[in-house]
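Trainee:
There are 2 protein chains.
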Amino acid sequence: MATIKDVALKAGVTVTTVSRVMNNRGYLSEKTKEKVHQAMEALDYHPSEVARSLAQKQTTLLGVIVPSLLHPYYNEVINALENHASLLGLKLLVCNAQRNAQKEAEYIDMLKANKVAGIILCTQSRNSVRSLINLPVVTLERSISPSVPAVLCDNEMGGRIAAEHLLSRGCKNLVMIQGGRSSEERVQGFTRTCEEDSVSFHVVHASKRQFHQLDYADLINTLFTDSPAIDGVFASSDVIAAQVIQICHKRGLCVPEDVKVIGFDDVDLARLLSPALSTIHQPIEELCAHAIQTIVRWEDTEKQSRTILPVHLVQRSST
Amino acid sequence: MATIKDVALKAGVTVTTVSRVMNNRGYLSEKTKEKVHQAMEALDYHPSEVARSLAQKQTTLLGVIVPSLLHPYYNEVINALENHASLLGLKLLVCNAQRNAQKEAEYIDMLKANKVAGIILCTQSRNSVRSLINLPVVTLERSISPSVPAVLCDNEMGGRIAAEHLLSRGCKNLVMIQGGRSSEERVQGFTRTCEEDSVSFHVVHASKRQFHQLDYADLINTLFTDSPAIDGVFASSDVIAAQVIQICHKRGLCVPEDVKVIGFDDVDLARLLSPALSTIHQPIEELCAHAIQTIVRWEDTEKQSRTILPVHLVQRSST
């Protein structure tokens, strides 16, 4: 592989001149610049970003730690982060903690050793807080400490909109299925709306195992066996809602005629289901753009900030 | 942030000794090692991987370039690559070329400048070949040049299995919907099997626009309007198959009673559909493990190799 010396030799200039051209520093004639660029091209020379970042003591790498790469929500998060990062010349190091606090801690160490510009944390573990001191960090749809800025969607509003929508579609017996993620506010929004309307409702919580395997079939089957009067289901993710539709189908219940189903997230899956799924749209693009801005403008960031972005209803055929 | 000098000072040894402990080189007493490790821990010192990689002239970063991060197939690829990479202590730099040859070329330059250990290419562009010389590169489910090793699944076999399965389930009028990806072999396998069985069939190709937007509704509607006798559909991806099921549903056609549908890929979406989708399982885990081994064992890799891994049928409720 060509070195800076090879480029200097080929261009007939000193190594210092090549370095000045690359960093665009000091006076340089157009002719010299052209000679150096031609030599770089001819030798297929790529100035080492490793060397640059060592000099600058920070890289243009951005770390993101997610709890899973199989859940469609995190795929859309990675997609949105990569889009926004690349617009700013930042590169994304993707780390999958697989819901393992030890793996998460190891990734944080690795990202620090790689001198990342910052970390976007989509994981839960509060153990990490100590190791994150002095590093630009933002949590996405998580809040792990008052000293770490968080970007969240308005989960309470989402729960309210979901309940209001099911009620406006004539449902009388509501249930919310709550997955393992940290969306207690969704439950509160749903619960408060049902209580205000004095409508019959209950909330079931998935086990950790069901959440980790993204398999809710047993839970949903038990639900319909125990409470055959259910006519409206709010699932705390589109993945759960997909399985509610499957099980209604198997039990001979029509969606939306017999049971109305609404999800949360508005991932691509929602529009691919039969019937297409009504859901609460999370502003994933905006959440990710805001998270990256928090890292990039770290000096100006209020470290105790919590930014909450609004959600809205996307009505499709399942309600 | 602590430096190597701080560690040396705290441990009461020289910087050279700290460096020798970190790199495990030369004679060192257990006592010295322990002193240095304790100082590193007390100071929360992380040896800079940037500095290390500069010394080694190569990093433990692995680049992956995908054409899209929204297609579920690439999500499962990223997930599998990250799993295998992390087992080997490699980190994944994820680049989304968004089906843009210019963006792809820029990412290749960026990855070279970051001295990645190698690149896994899931994109199409043949323009890239020249810029990839002297770099460990493997293409995944793509074949861009005889001089770049490729890891593929047996697409011809997949097309055959899909056609044979629809025939064995009693279908008489088959259609294959071909998305934009490079799976001409899938078409060949399907076509040859139908011809051998003298069964009525045709193949429709999606436009680039439909492929880029992952929206095949118009194509599928036209298909059923023009050919109402269709009773078996082979979609070249599970995403297309999901939309076939949706449109059958809207047209009052029952799946699998009136129309049998089979997909390709076996991404998570397949098992979440109603009815759950029969599909051809791509061995994504094995493809990714093999691609990473190709990079890691580059010295031993036959540069002109094409590795083709077998696929198999996963029967669910849609057939």
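Quick mapping for you: the protein sequence lines, in order, are chains A and B.
For the first sequence, this note's numbering gives the first residue as 1, with consecutive numbering after it.
For the second sequence, this note's numbering gives the first residue as 320, with consecutive numbering after it.
Idealized CB from N, CA, C, for every residue including glycine.
#1: Any beta-carbon of chain A closer than 8 Å to the one on D584(B)?
#2: Take M176(A) as the anchor and find which of L62(A), A206(A), S131(A) and S168(A) has the nearest alpha-carbon.
#3: Alpha carbons only, please: which of R99(A), Q293(A) and E299(A) is nearest the one belonging to L62(A)?
#4: For I308(A), decide whether its Cβ has a neighbour in chain B, counting only Cβ atoms nearer than 8 Å.
#5: Can you tell me where the beta strand (DSSP E) holding D577(B) begins and where it ends?
#6: When Cβ atoms are compared, which residues of the stretch 489-507 of chain B fall closer than 9 Å to chain A?
#7: Can L407(B) and I439(B) be called in contact, C-beta distance under 8 Å?
#8: Is there a Cβ of chain B sitting closer than 8 Å to that of V320(A), yes or no?
#9: Are the C-beta of M22(A) and some C-beta of chain B separated by less than 8 Å?
#10: Cα separation between L328(B) and N134(A)?
#11: Check D584(B) in the structure and name its three-state DSSP category.
#12: Nearest chain C C-beta to M110(A) closer than 8 Å, yes or no?
#13: Report yes if the C-beta distance between A469(B) and R616(B) is below 8 Å; otherwise report no.
#14: Contact defined as beta carbons within less than 8 Å: I believe I280(A) pairs with V311(A). What is the distance between those atoms, to the nearest angstrom?
#15: Once DSSP output is grouped into helix, strand and coil, what is the label at V522(B)?
#16: Rounded to whole angstroms, what is the Cα-Cα separation between Q634(B) and R192(A)?
#17: Which residues, in order along the stretch 78-96 of chain A, keep a beta-carbon less than 8 Å from a beta-carbon of chain B?
#18: Buried or exposed for S519(B), going by 16 or more other Cβ atoms inside 10 Å?
#19: Between the alpha carbons of A11(A) and K431(B), how many angstroms are there, rounded?
#20: Straight-line CA distance for E34(A) to A610(B)?
#21: Between Y678(B) and E76(A), what straight-line distance do the alpha-carbon atoms span, to the nearest angstrom?
#22: For E504(B), which residues from the same chain have a beta carbon less than 6 Å from its beta carbon, with the 5 sequence-adjacent residues on both sides left out?
#23: Across the stretch 550-567 of chain B and the stretch 474-493 of chain B, are there enough close Cβ pairs to call them in contact, namely three or more that are closer than 8 Å?
#24: Taking all protein chains shown into account, decide if L39(A) is buried (16 or more other Cβ within 10 angstroms of its Cβ) or exposed.
#25: Sort out for me which residues DSSP pairs K91(A) with in a bridge.
#26: Spell out the partners DSSP gives I280(A) in its beta bridges.
#27: Residues of the stretch 590-624 of chain B with a CB closer than 8 Å to any CB of chain A: list them in chain order, please.
#28: Taking 7 Å as the cut-off, is the C-beta of I384(B) nearer than that to any heavy atom in the ligand FAD?
#29: Taking the beta strand (DSSP E) that L493(B) belongs to, which residues open and close that run?
#30: What residues from the stretch 98-131 of chain A come within 7 Å of chain B, judged by C-beta to C-beta, listed N to C?
#31: Among the candidates K103(A), A241(A) and K172(A), whose CA atom is the shortest distance from the CA of Y216(A)?
#32: In angstroms with no decimal places, state the Cα-to-Cα distance between G582(B) and S556(B).
#33: Under 7 Å between beta-carbons, which chain A residues line up against A561(B)? List them in chain order, please.
#34: Using 10 angstroms around the beta-carbon of L5(A), count the other beta-carbons present and answer buried if the total reaches 16, otherwise exposed.
#35: Report the three-state DSSP secondary structure of A469(B) (helix, strand or coil).
#36: May I ask you to report which of helix, strand or coil DSSP gives G551(B)?
Mentor: With the given structure in hand:
#1: The beta-carbon of D584(B) is placed no less than 8 Å from the nearest beta-carbon of chain A.
#2: The option with the nearest alpha carbon to M176(A) is A206(A).
#3: Ranked by how close their Cα comes to the Cα of L62(A), the residues R99(A), Q293(A) and E299(A) have Q293(A) in first place.
#4: It does not: the Cβ of I308(A) has no partner Cβ on chain B nearer than 8 Å.
#5: For D577(B), no beta strand (DSSP E) segment is defined, and its DSSP state is neither H nor E.
#6: Under the 9 Å Cβ criterion, the stretch 489-507 of chain B contributes no residue.
#7: No.
#8: With chain A represented from 1 up to 319, any question about residue 320(A) goes unanswered, as that position is not in the structure.
#9: M22(A) has a beta carbon lying at 8 Å or more from every beta carbon in chain B.
#10: If I take the Cα positions, the gap works out to 22 Å.
#11: D584(B): strand per DSSP, three-state reduction.
#12: The structure shown has no chain C; the protein chains it does contain are A and B.
#13: At least 8 Å separates the beta-carbon of A469(B) from that of R616(B).
#14: The beta carbons of I280(A) and V311(A) sit about 5 Å from each other, so the pair counts as a contact at 8 Å.
#15: Correct three-state label for V522(B): strand.
#16: Distance between the alpha carbons of Q634(B) and R192(A): 44 Å.
#17: Within the stretch 78-96 of chain A, the residues whose Cβ lies closer than 8 Å to some Cβ of chain B are I78, N79, E82, N83, S86, K91, L92, L93, V94, C95 and N96, listed in chain order.
#18: It is exposed - the Cβ of S519(B) has fewer than 16 other Cβ atoms within 10 Å.
#19: A straight line joining the alpha-carbon of A11(A) with that of K431(B) spans about 22 Å.
#20: Each residue's Cα considered, the two are about 39 Å apart.
#21: Outside the displayed span of chain B (320 to 638) sits residue 678(B), for which this structure offers no information.
#22: Result list for E504(B): N474 and E475, in chain order.
#23: By the Cβ criterion, the stretch 550-567 of chain B is in contact with the stretch 474-493 of chain B, since at least three pairs of Cβ atoms, one from each stretch, lie closer than 8 Å.
#24: In the sequence on display, residue 39(A) carries Ala and not Leu. So A39(A) counts as buried.
#25: Answer is L61(A).
#26: Partner(s): F264(A) and L313(A).
#27: Look at the stretch 590-624 of chain B: the residues with a C-beta under 8 Å from a C-beta of chain A are L591, L592, S593, P594 and A595.
#28: Among the components of this structure there are no ligands whatsoever, and the ligand FAD is therefore not found.
#29: Its beta strand (DSSP E) spans residues N492 to Q497.
#30: Taking a C-beta cut-off of 7 Å against chain B, the contacting residues of the stretch 98-131 of chain A are D109, M110, K112, A113, N114 and K115, listed in chain order.
#31: Residue A241(A) is the option with its Cα nearest to Y216(A).
#32: Looking at the two C-alpha atoms, the distance is approximately 5 Å.
#33: L272, listed in chain order.
#34: Here residue 5(A) is Lys; the residue named in the question, Leu, does not match the sequence. Per the 10 Å Cβ criterion, exposed.
#35: Three-state result, A469(B): strand.
#36: Reduced to three states, the DSSP call for G551(B) is strand.
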